[in-house]
Amino acid sequence: MARPGLVIQFKTKPDTAEQFNDILVRALEHVEAEAGTRPWLTLRAEQDPTVFFLVDLFDDEDARNAHLGGAAAELILGTGGDLLAEAPTPVPTTLVAGKAV
Numbered sequence: 002m003a004r005p006g007l008v009i010q011f012k013t014k015p016d017t018a019e020q021f022n023d024i025l026v027r028a029l030e031h032v033e034a035e036a037g038t039r040p041w042l043t044l045r046a047e048q049d050p051t052v053f054f055l056v057d058l059f060d061d062e063d064a065r066n067a068h069l070g071g072a073a074a075e076l077i078l079g080t081g082g083d084l085l086a087e088a089p090t091p092v093p094t095t096l097v098a099g100k101a102v
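The working numbering puts the first residue of the sequence shown at 2, with every later residue one more than the last.
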């Protein structure tokens, strides 16, 4: 069951949260083209709408590396980078257990 993953926290500037939200939605079409990325989730904190999380799982390390160099990452970090209040916090992970993964 061990699969590589990635959890990233993003904090936007207060006036750019909706724009960043839209970028995450647009990034989905790029991720859907990645054979080795599943699932890919974007989450928004309920208590602080300027905080977003990406939660990804990959088939293998090659898929994770391809994702990090892919179009979704370019859109989120390139176009969305100016909307952030601070640098994103990426945490490489390994799946321990899960349902429907």
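Think of the CB as a built atom: it goes at the ideal place given N, C-alpha and C, for glycine as much as any other residue.
Note that the coordinates shown come from a computational prediction; the quantities given were computed from them, not determined experimentally.
Please report how far the alpha carbon of Gln-20 lies from the alpha carbon of Thr-94, in whole angstroms. 28 Å
Using the rule of at least 16 other Cβ atoms within 10 Å of the residue's Cβ for burial, across every protein chain shown, is Gly-79 buried or exposed? exposed
Does DSSP put Pro-89 in a helix, in a strand, or in coil? coil
Please classify Val-26: is it buried, with 16 or more other beta-carbons within 10 angstroms of its beta-carbon, or exposed? exposed
In angstroms, rounded to a whole number, what distance separates the CA positions of Thr-38 and Leu-58? 6 Å
Whether or not the stretch 8-17 and the stretch 47-55 are in contact is what I'm after, with contact meaning three or more pairs of Cβ atoms, one per stretch, closer than 8 Å; do they touch? yes
Would you mind sorting Pro-5 into buried or exposed? The rule is 16 or more other CB atoms within 10 Å of its CB. buried
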